[in-house]
Amino acid sequence: MRPYQAVLIATTGLIVAAIAAFVLYGGGGSGGRGIAAIGGPFTLTDQTGKTRTERDFHGSYNLIYFGYTFCPDVCPTALQVMTSAMDRLDKGMQAKITPIFITIDPARDTVEQLAAYVENFHPRMIGLTGTEEQVVQAARAYRVYYAAAKESAGDTTDYLMDHSSFVFLMDPAGLYVTHFTHATKPDRMAETLQAKIGN
Ligand code: NI
Numbered sequence: 198m199r200p201y202q203a204v205l206i207a208t209t210g211l212i213v214a215a216i217a218a219f220v221l222y223g224g225g226g227s228g229g230r231g232i233a234a235i236g237g238p239f240t241l242t243d244q245t246g247k248t249r250t251e252r253d254f255h256g257s258y259n260l261i262y263f264g265y266t267f268c269p270d271v272c273p274t275a276l277q278v279m280t281s282a283m284d285r286l287d288k289g290m291q292a293k294i295t296p297i298f299i300t301i302d303p304a305r306d307t308v309e310q311l312a313a314y315v316e317n318f319h320p321r322m323i324g325l326t327g328t329e330e331q332v333v334q335a336a337r338a339y340r341v342y343y344a345a346a347k348e349s350a351g352d353t354t355d356y357l358m359d360h361s362s363f364v365f366l367m368d369p370a371g372l373y374v375t376h377f378t379h380a381t382k383p384d385r386m387a388e389t390l391q392a393k394i395g396n
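Count along the sequence shown starting at 1, add 197, and that's the number in my numbering.
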């Protein structure tokens, strides 16, 4: 191979990687066309130890958030917003929605850890964990980015995770409806849920 060919191949590889990263993590981040592809199959374990797939959650609307229980700020905020928004709805509406927290840190977020954590939030909230591979697949389905934070590299017990923090609203067929973030106000989330789901 001549040097210019190697450069060409390397450059092409970078461009392909950049496009893949855009499509996976950035392309649909704010209501663009790409976001229609959000959602898909997963197999995980809930906070009671039961195996759950996406099909178990079809039939109700789902508010889905990916994060981790050791998160100091963004994750508890997002889950509290979901909880407060649910609390603003009447019982009939609440029964139509399942809030779901999926960990992106399965090494620390065991079934027991999740069980203790989700108790802090809405009583309907489900916590899901799994193997590294299962979590990768679930995160891919939802175009969620995550990685161990650079500043805590090498520490295997006390580390932070970088991750996207969207709250996805999925319909009873498992199709994407809209999304929120941890910065969405509970009133606003509740209004949107009411408008999209109705009575
Ligand atoms: Ni977080």
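Backbone N, C-alpha and C fix where the C-beta goes; we use that ideal spot for every residue, glycine too.
The model shown is predicted, which means the values in this text are computed figures rather than measured ones.
Proximity winner among the options, relative to residue i (alpha-carbon distances)
{"i": "P269", "options": "D243, A344, P238, M358", "result": "M358"}
{"i": "Q244", "options": "Y314, Q391, Y339", "result": "Y314"}
{"i": "Q277", "options": "K393, G395, A387", "result": "A387"}
{"i": "F263", "options": "I297, V308, G289", "result": "I297"}
{"i": "R305", "options": "T266, S257, F254", "result": "T266"}
{"i": "G289", "options": "R321, K382, R340", "result": "R321"}
{"i": "A345", "options": "A335, Y356, G327", "result": "Y356"}
{"i": "V271", "options": "K347, D352, G395, V364", "result": "V364"}
{"i": "Y373", "options": "K393, Q334, N317", "result": "K393"}
{"i": "R249", "options": "Q291, A234, V308, A282", "result": "V308"}
Boundaries of the alpha helix (DSSP H) in which residue i is found, first to last residue
{"i": "T274", "result": "271 to 284"}
{"i": "P296", "result": "Taken as a continuous stretch (DSSP letters only), P296 belongs to no alpha helix (DSSP H), being part of the beta strand (DSSP E) at 294 to 300."}
{"i": "T389", "result": "383 to 394"}
{"i": "V364", "result": "Element bounds for V364: not the alpha helix (DSSP H) but the beta strand (DSSP E), 363 to 367."}
{"i": "G289", "result": "288 to 291"}
{"i": "R337", "result": "329 to 338"}
{"i": "L311", "result": "308 to 315"}
Cβ-based burial, residue i [other Cβ within 10 Å; buried from 16]
{"i": "D287", "result": "exposed"}
{"i": "G225", "result": "Because G225 sits at a pLDDT of 40, beneath the cut-off of 50, its placement in the model cannot be relied upon, and the point is left open."}
{"i": "G429", "result": "Residue 429 is absent from the structure shown; the chain starts at 198 and stops at 396."}
{"i": "E251", "result": "buried"}
{"i": "G324", "result": "buried"}
{"i": "G210", "result": "Confidence at G210 is low in this model, with a pLDDT of 46, below 50, so the placement of that residue is unreliable and no value is reported for it."}
{"i": "A380", "result": "exposed"}
Whole-number beta carbon distance between residue j and residue i, since they are thought to touch under 8 Å
{"i": "T378", "j": "L366", "result": "The pair is not a contact, with the Cβ atoms about 12 Å apart (cut-off 8 Å)."}
{"i": "I299", "j": "Y343", "result": "The Cβ separation is near 10 Å, so there is no contact."}
{"i": "H255", "j": "P383", "result": "About 26 Å; that fails the 8 Å criterion."}
{"i": "T326", "j": "L260", "result": "That belief does not hold up - the Cβ atoms of T326 and L260 are roughly 18 Å apart, past 8 Å."}
{"i": "H360", "j": "V341", "result": "7 Å"}
{"i": "F239", "j": "Q310", "result": "Not a contact, Cβ separation roughly 19 Å."}
{"i": "S362", "j": "A282", "result": "15 Å between Cβ atoms; not a contact."}
Extent of the continuous beta strand (DSSP E) to which residue i belongs
{"i": "L325", "result": "323 to 326"}
{"i": "L372", "result": "Note, L372: premise wrong, no beta strand (DSSP E); not H, not E."}
{"i": "Y258", "result": "258 to 264"}
{"i": "L357", "result": "Element bounds for L357: n/a, residue is neither H nor E."}
{"i": "T242", "result": "240 to 243"}
{"i": "Y343", "result": "343 to 345"}
{"i": "R249", "result": "248 to 250"}
I need the residues with a C-beta less than 5 Å from some heavy atom of ligand 1; please give them in chain order. Proximity to ligand 1 was defined by a C-beta distance below 5 Å to any of its heavy atoms, and the residues meeting it, in sequence along the chain, are G264, C268, V271, C272.
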